[in-house]
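Input: a single structure, listed below in structure tokens.
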Amino acid sequence: MADSENRIVRTGGHHDCGGCCPYLVHVIDGKARKIEPYPEPSHRTCARCWAYPSVVHHKDRLLYPLKRTGERGEGKFTRISWDEALDEVASRLTAIRQKYGPSCTMLMSASGSRGHVHSALSVFRLFNMIGGCLVRWGSASNESNTFASIVTYGTGDNGNSMDDLANSKLIIAWGWNPMETVQATGTPYFLLKAKEAGARIISVDPRFTNTAAVVADQWIPIRPGTDAAMLIAMAHVMITEGLCDKEFLDRCTVGFGQFSDYVLGKEDGIAKTPSWANEITGVASETIVALAREYATTKPAALIDGYGPGRTAYGEQYVRAAQALGALTGNIGISGGMAPGLRQVPGFIGGMGGARGPALPIGKNPLEPDLGGIKPDKVDRDVYNRYRICTANAWDALLNGKAAGYPADIKMLYIATVNNINQWPNTNRAIEAFKKMEFIVIHEKFMTATARYADIILPVADQWERTDYQRSWMAICLTPYYIYQNKVLDPPGEAKTDFQICCELAEKLGLKGYQEKTEDEWLRTLLSEPADTARDIPSYEEFKKAGIAYPKLEKPAVAFKDEAAGRKPFPTPSGKIEIYSERLAQLNKPEIPPIPKYIPTWENLDDALSRKYPFQLITPHFKLRAHSGFDNVPWFKELEPQTVWINSQDAAGKGIKNDDKVSVFNDRGKVIITAKVTDRIMPGVLAMCEGAWFSPDEHGIDHGGCPNLLTRDKPAPSGAIPYNTALVQIERE
Ligand SMILES: Nc1nc2c(c(=O)[nH]1)N[C@H]1C(S)=C(S)[C@@H](COP(=O)(O)OP(=O)(O)OC[C@H]3O[C@@H](n4cnc5c(=O)[nH]c(N)nc54)[C@H](O)[C@@H]3O)O[C@H]1N2
Ligand SMILES: Nc1nc2c(c(=O)[nH]1)N[C@H]1C(S)=C(S)[C@@H](COP(=O)(O)OP(=O)(O)OC[C@H]3O[C@@H](n4cnc5c(=O)[nH]c(N)nc54)[C@H](O)[C@@H]3O)O[C@H]1N2
Ligand code: SF4
Ligand SMILES: [Mo]
1 MADSENRIVR TGGHHDCGGC CPYLVHVIDG KARKIEPYPE PSHRTCARCW
51 AYPSVVHHKD RLLYPLKRTG ERGEGKFTRI SWDEALDEVA SRLTAIRQKY
101 GPSCTMLMSA SGSRGHVHSA LSVFRLFNMI GGCLVRWGSA SNESNTFASI
151 VTYGTGDNGN SMDDLANSKL IIAWGWNPME TVQATGTPYF LLKAKEAGAR
201 IISVDPRFTN TAAVVADQWI PIRPGTDAAM LIAMAHVMIT EGLCDKEFLD
251 RCTVGFGQFS DYVLGKEDGI AKTPSWANEI TGVASETIVA LAREYATTKP
301 AALIDGYGPG RTAYGEQYVR AAQALGALTG NIGISGGMAP GLRQVPGFIG
351 GMGGARGPAL PIGKNPLEPD LGGIKPDKVD RDVYNRYRIC TANAWDALLN
401 GKAAGYPADI KMLYIATVNN INQWPNTNRA IEAFKKMEFI VIHEKFMTAT
451 ARYADIILPV ADQWERTDYQ RSWMAICLTP YYIYQNKVLD PPGEAKTDFQ
501 ICCELAEKLG LKGYQEKTED EWLRTLLSEP ADTARDIPSY EEFKKAGIAY
551 PKLEKPAVAF KDEAAGRKPF PTPSGKIEIY SERLAQLNKP EIPPIPKYIP
601 TWENLDDALS RKYPFQLITP HFKLRAHSGF DNVPWFKELE PQTVWINSQD
651 AAGKGIKNDD KVSVFNDRGK VIITAKVTDR IMPGVLAMCE GAWFSPDEHG
701 IDHGGCPNLL TRDKPAPSGA IPYNTALVQI ERE
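The sequence shown begins at 1 in this note's numbering and counts up by one.
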């Protein structure tokens with residue numbers, strides 16, 4: 001592409017940002033200058049992609065392969081050629097695998113790219129062809145919601161499409177903040193439409209979010225990690241006041257009796273009354289009673305359970321409890337209702353495996369039996385632990401290996417599409433673990449915290465610098481469609497795509513058959529062959545030209561319509577919604593009981609540790625970043641700098657004023673950051689949004705505002721990462 005060229009290219013956003021917006025990019029004099037959204041109001045873009053030209057042309061893009069010269073983390077590197085870089089990767093990889101076996105290599109990947117050709121899939125494919133490698137299990141996003149949906153409904157395809165919100169009379173946004181986190185392109189628009197149509201909207205969140213501010217009629221602040229207690233107390237109100245949808249419960253569920261015994265106190269002698277929950281949650285009893293009555297008597301009503309409250313020590317109980325309430329009120333399988341949980345739209349291809357939709361085939365990992373895809377449909381999480389590393393245990397596995405029961409002693413990391421020193425919990429432990437490795441290679445665009453600890457950095461092309469396709473956002477494709485992403489620009493310097501890098505590495509490794517097709521051939525093959533896609537995507541050329549394709553779904557899509565109407569069974573062993581799960585009963589683990597229960601989190605306010613660290617820290621997603629992406633856009637920092645939110649009463653008690661420099665710390669680490677004193681957060685809770693770049697000084701104290709210095713790397717029983725369960729102290733600097 002010539003540098004002087006002007007053109008308009010049809011593509012879209014490709015990061016794990018909550019959306020997947022189709023748009024046109026205007027290239028002027030060879031540089032991307034602006035984007036032009038599609039005219040449909042439901043396809044409107046957010047501030048981040050408007051700023052994307054400044055990310056793609058950022059002065060700090062990595063342009064050449066780099067080799068470490070200083071200590072790990074010191075940031076000293078020297079430029080080398082691609083030939084030298086790939087020779088070194090190939091020879092180290094071969095030597096280490098020969099010495100220790102293939103499972104000593106761990107592939108770490110996540111959400112940097114959602115493309116169906118250009119992503120970590122390229123690396124998976126390579127490793128699977130050379131004997132396999134160790135991988136992780138457990139989504140950083142929604143493992144609680146995923147697990148609970150598998151248990152309760154037998155599927156994660158339990159969501160109504162977002163255009164159905166307009167049919168709801170009541171929307172309970174439980175730890176759900178789409179005005180900032182988007183939650184599938186179009187959701188903010190559909191939520192506004194619902195409001196216009198007269199829906200009452202209630203936000204249950206420790207923070208008064210933009211969703212609470214813009215659309216909610218009521219804000220109910222709640223102590224982090226206690227949601228299950230409030231939901232269970234709402235069940236108490238519904239049961240004792242005779243407000244349950246008995247007919248729905250009898251016809252569509254199993255286990256209401258056992259749940260009811262627990263709720264009423266017949267099981268353990270403790271009635272789960274609103275005043276019981278008030279003590280735990282900090283929510284007034286009357287508020288709990290009123291919300292229970294309102295949800296039970298307003299039909300249809302959608303309880304939408306965000307992923308944030310699931311990222312707590314026993315987050316799966318919150319989702320299971322929300323699902324029980326969905327069933328108690330009969331709001332499952334109807335338009336305007338919602339089955340709480342993962343909330344993928346049924347009928348949209350892919351289901352719960354891998355890249356969801358036809359994607360670069362990665363083959364099978366020879367080190368594993370068939371676990372049924374990247375996210376297999378199993379309630380027994382230990383099955384995965386035998387072959388993979390639970391994400392929340394990653395650092396422990398690197399540090400302690402087989403001696404601690406992990407499948408291998410890991411010696412080498414191959415990293416692509418993740419900035420996990422920044423984004424996985426307990427950054428200081430991550431550093432300790434990285435230092436122990438013999439060899440680390442990463443594909444990156446920027447000198448991230450993780451790249452700083454690598455031995456070889458391979459500069460990777462950006463999403464606008466290649467051609468690909470993807471489907472709408474992540475697991476909860478609440479607004480289902482596909483977008484085609486035409487290449488906008490050539491990669492800068494010597495950067496190459498993940499796929500190209502792997503093709504060249506395959507050659508160095510003497511591997512035959514990796515490069516059987518080009519990018520274009522893969523796309524044509526993927527998009528024309530499978531019957532599933534043929535149903536949704538008219539023809540390759542048409543799709544490429546239009547940039548978008550819509551699946552032929554009934555609109556709005558309503559999950560479990562047939563099941564709720566008795567036309568087919570739920571895909572669970574009992575064929576019903578499992579409020580009581582026999583599969584969980586058989587596991588016989590008290591921390592993961594067969595009915596939803598309130599289990600107090602570790603590091604809660606009753607913990608002795610709270611005397612030293614009296615504040616609960618939550619670490620939500622940030623409006624102006626996609627994880628660690630966009631943190632290097634200077635005017636975003638000006639618009640809204642990274643801060644820790646503290647309630648004005650708490651701040652007064654600590655002598656902290658707005659804009660003061662404070663330190664937030666616990667035994668895991670310390671962050672120096674600016675305080676935002678505000679009544680938009682409840683007392684006792686601090687909020688520091690995730691994604692800010694870890695910027696340590698010589699003592700390892702972070703000045704960038706990265707909350708993972710403070711979070712704990714211990715999985716919830718479902719495998720969820722408890723990013724919102726951590727005790728901290730705050731002091732004026
Ligand atoms: N404290 C706290 N931490 C959290 C969360 C939280 O709620 N609280 N949320 C978690 C969640 S839900 C998620 S999904 C994770 C996300 O965490 P990550 O998956 O680590 O996401 P990013 O920070 O965006 O890092 C992706 C990296 O990929 C790079 N990249 C972009 N495009 C490409 C590409 O095409 N190829 C390659 N090789 N690299 C590319 C980017 O430059 C970036 O550095 O964060 C988790 N971390
Ligand atoms: N702007 C933006 N949008 C994004 C992303 C991003 O990085 N930036 N990331 C995308 C990705 S990958 C994901 S997985 C999703 C994440 O989507 P979510 O997980 O829903 O987002 P969060 O902001 O982590 O959490 C939602 C809300 O839960 C609240 N919360 C935290 N702990 C608790 C609790 O214990 N109880 C209750 N009731 N509320 C609690 C937080 O204050 C927050 O307002 O967002 C996507 N959208
Ligand atoms: S939601 Fe995502 S794809 Fe859409 S404009 Fe925002 S950052 Fe870009
Ligand atoms: Mo996520």
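The C-beta atom is built at its ideal place from N, Cα and C for all residues, glycine as well.
With a threshold of 6 Å, the Cβ atom of TYR514 does not count as near ligand 2, since no heavy atom of the ligand is closer than that. If you ignore the 5 residues before and after VAL289, its C-beta comes within less than 7 Å of the C-beta of VAL237, PRO274, all in its own chain and listed in chain order. Contact between the stretch 583-599 and the stretch 695-713 is not established, with fewer than three Cβ pairs separated by less than 8 Å. Assigned with DSSP and collapsed to three states, LYS195 falls in helix. Comparing alpha carbon positions, the residue from LYS272, ARG381, PRO480 closest to GLN586 is ARG381. GLU578 places its beta carbon 7 Å or farther from that of THR155.
Relative to ligand 3, the beta carbon of ARG10 is positioned no closer than 6 Å to any heavy atom. Those residues whose C-beta sits under 5 Å from the nearest heavy atom of ligand 3 are, from N- to C-terminal order along the chain, GLY13, CYS17, GLY19, CYS21, THR45, CYS46, ARG48, CYS49, VAL182. ARG48 is positioned such that its CB atom lies closer than 7 Å to that of PHE630. A contact between stretches requires three or more CB pairs, one per stretch, nearer than 8 Å, and the stretch 191-209 meets this requirement with the stretch 156-175.
For the pair ILE548 and ASN588, the Cα-to-Cα distance works out to about 47 Å.
For SER54, the CB contacts under 7 Å within the same chain, skipping 5 residues up- and downstream, are VAL633 in chain order. When PHE434, VAL254, ALA235 are compared, the shortest CA-CA separation from ALA271 is found for ALA235.
If you look at GLY12, you'll find it isn't in any alpha helix (DSSP H); it sits in the beta strand (DSSP E) that goes 7-12. Runs of alpha helix (DSSP H) with 4 or more residues, each lying fully within the stretch 366-402, are found at 382-385, 394-400, listed in chain order.
For the options CYS21, GLN649, MET1, the alpha carbon positioned closest to that of TYR481 is the one of CYS21. Assigned with DSSP and collapsed to three states, THR105 falls in strand. Of all C-beta pairs linking the stretch 303-316 to the stretch 138-152, three or more are shorter than 8 Å, placing the two stretches in contact. In chain order, MET238, LEU328 place their CB closer than 6 Å to the CB of CYS244, counting only its own chain and leaving out the 5 sequence neighbours on each side.
Rounded to the nearest whole angstrom, the CA to CA distance from HIS43 to TYR384 is 38 Å. By the neighbour-count definition (other C-beta atoms within 10 Å, threshold 16), MET1 is an exposed residue.
Assigned with DSSP and collapsed to three states, ARG68 falls in strand. Taking one beta carbon from each stretch, the stretch 685-696 and the stretch 418-425 have 3 or more pairs nearer than 8 Å; the two touch. Inclusion of HIS15 and ALA495 in the CB contact set at 7 Å is not warranted, their separation being larger than that value. Look at SER141: its beta carbon is less than 6 Å from one of the heavy atoms in ligand 4. Segment contact: the stretch 183-192 against the stretch 478-492, three or more CB-CB distances shorter than 8 Å; contact assigned. Remark: the shortest separation between the CB of ARG471 and any heavy atom of ligand 2 does not fall under 6 Å. Its chain contains ASN167, SER168, PRO300 as the residues whose beta carbon lies nearer than 6 Å to that of GLY336, once the 5 sequence neighbours on both sides are disregarded; these appear in chain order.
The three-state secondary structure of LEU605, taken from DSSP, is coil.
Collapsing the DSSP output to three states places ASP468 in a strand. Short of 8 Å from the beta carbon of GLU84, and not among the five residues preceding or following it, lie these beta carbons of its own chain, in chain order: PRO65, LYS67. For PRO600, the CB contacts under 7 Å within the same chain, skipping 5 residues up- and downstream, are ASP606 in chain order. For GLY653, the enclosing alpha helix (DSSP H) covers residues 648-654.
Relative to ligand 1, GLY30 has its C-beta separated by 6 Å or more from all heavy atoms. As the crow flies, the alpha-carbon of PRO551 is around 14 Å from that of TRP473. When secondary structure is reduced to three states using DSSP, GLU504 falls in the helix class.
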